[in-house]
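*Asks:*
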Amino acid sequence: MENTRNIVLIGFMGAGKSTVAAALHDIHGYEVVEMDALIEEREGMSIPEIFAQKGEAYFRDAETKLLTELQTRDHTVISCGGGTPLRQQNVAEMKKIGVVILLTAEPETILSRVQDSHDRPLIEGHKDAGYIASLLAQRMPKYEAAADFVIPTDGLSAEEICSRILSAE
Ligand code: S3P
Numbered sequence: 024m025e026n027t028r029n030i031v032l033i034g035f036m037g038a039g040k041s042t043v044a045a046a047l048h049d050i051h052g053y054e055v056v057e058m059d060a061l062i063e064e065r066e067g068m069s070i071p072e073i074f075a076q077k078g079e080a081y082f083r084d085a086e087t088k089l090l091t092e093l094q095t096r097d098h099t100v101i102s103c104g105g106g107t108p109l110r111q112q113n114v115a116e117m118k119k120i121g122v123v124i125l126l127t128a129e130p131e132t133i134l135s136r137v138q139d140s141h142d143r144p145l146i147e148g149h150k151d152a153g154y155i156a157s158l159l160a161q162r163m164p165k166y167e168a169a170a171d172f173v174i175p176t177d178g179l180s181a182e183e184i185c186s187r188i189l190s191a192e
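Position one of the sequence shown corresponds to residue 24 (my numbering), numbered consecutively onward.
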């Protein structure tokens, strides 16, 4: 897969998308597009502020708009928000951009990674493995349908995950 133009990382909150994108930059020279960060920058607001003041639908539309702008990228890794692949139109846009890689992790692993942050409105106040497991189960069919490859990340370092991505085919 070394020749593939771009890599699109999808997966649940805390699956490791941002960490792996940063490692693909540091180790393999990919440019990084962090969708959440770019939307925050454009809106001049944090994700919780966007959800609270403009609503989730507004945020979802901003994701779709941003994805349609990324078609001309090259040697870039796109780190999507956890909800980006839930919209069919977004999946179609991702497929045009590059290879779509689903990073997965067990609910307990996800919980340990998201526990101390407060920037995810959809799980704020629900930080327990049961809630995460049920939201994950609800989303998994769409994640799997969107993915060209699935990489379980539990127990792997970011470097190991990068190697698996780059040797996937
Ligand atoms: C969301 C995931 C978040 C962010 C927003 C909604 C989701 O991104 O886009 O809070 O619906 O799963 P991360 O997966 O980067 O936390």
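Beta carbons are placed, not taken as given, at the ideal position from N, Cα and C, and that holds for glycine.
Shorter than 6 Å, the distance from the beta carbon of M36 to the closest heavy atom of the ligand S3P, or not?
*Replies:* Yes, the beta carbon of M36 sits closer than 6 Å to at least one heavy atom of the ligand S3P.
*Asks:* To the nearest angstrom, how far is it from the Cα of A85 to the Cα of I62?
*Replies:* Roughly 7 Å separates the two Cα atoms.
*Asks:* From the DSSP output, in three-state form, read off L145 for me.
*Replies:* Coil, per DSSP.
*Asks:* Run through DSSP, which three-state label would F172 get?
*Replies:* Three-state DSSP puts F172 in a strand.
*Asks:* Ends of the beta strand (DSSP E) at L125?
*Replies:* Run containing L125: V122 to T127, per the beta strand (DSSP E) assignment.
*Asks:* Indicate whether the contact test is met: 3 or more Cβ pairs, each with one atom in the region 72-88 and one in the region 117-127, closer than 8 Å.
*Replies:* No, the region 72-88 is not in contact with the region 117-127.
*Asks:* Helix, strand or coil: which one does DSSP assign to E116?
*Replies:* Residue state, collapsed to three classes: helix.
*Asks:* Given a threshold of 16 other Cβ atoms within 10 Å of its Cβ, counted over all protein chains shown, does A160 qualify as buried or as exposed?
*Replies:* The residue in question, A160, is exposed, as its Cβ has fewer than 16 Cβ neighbours within 10 Å.
*Asks:* Starting from E64, follow the alpha helix (DSSP H) in both directions and report where the run begins and ends.
*Replies:* Segment M58 to E66, the alpha helix (DSSP H) holding E64.
*Asks:* For the ligand S3P, I want to know if G67 counts as a neighbour, meaning its beta carbon is within less than 6 Å of at least one of the ligand's heavy atoms.
*Replies:* Answer for G67: no, Cβ out of range of the ligand S3P.
*Asks:* Does the beta-carbon of R110, which I'm using as the reference point, lie nearer than 6 Å to any heavy atom of the ligand S3P?
*Replies:* R110: no, Cβ never under 6 Å from the ligand S3P.
*Asks:* Taking all protein chains shown into account, do 16 or more other C-beta atoms lie within 10 angstroms of the C-beta of Y53, making it buried, or fewer, making it exposed?
*Replies:* Buried, by the Cβ-count rule.
*Asks:* Compute the distance between the beta-carbons of I124 and I188, then report whether it is under 7 Å.
*Replies:* Yes, they are a contact pair.
*Asks:* Determine the contact status of S41 and S102, defining contact as a CB-CB distance below 7 Å.
*Replies:* Cβ atoms of S41 and S102: closer than 7 Å.
*Asks:* For a minimum of 4 consecutive residues, which ranges assigned as the alpha helix (DSSP H) are wholly contained in the region 40-111?
*Replies:* The qualifying runs are 40-51, 58-66, 70-76 and 79-91.
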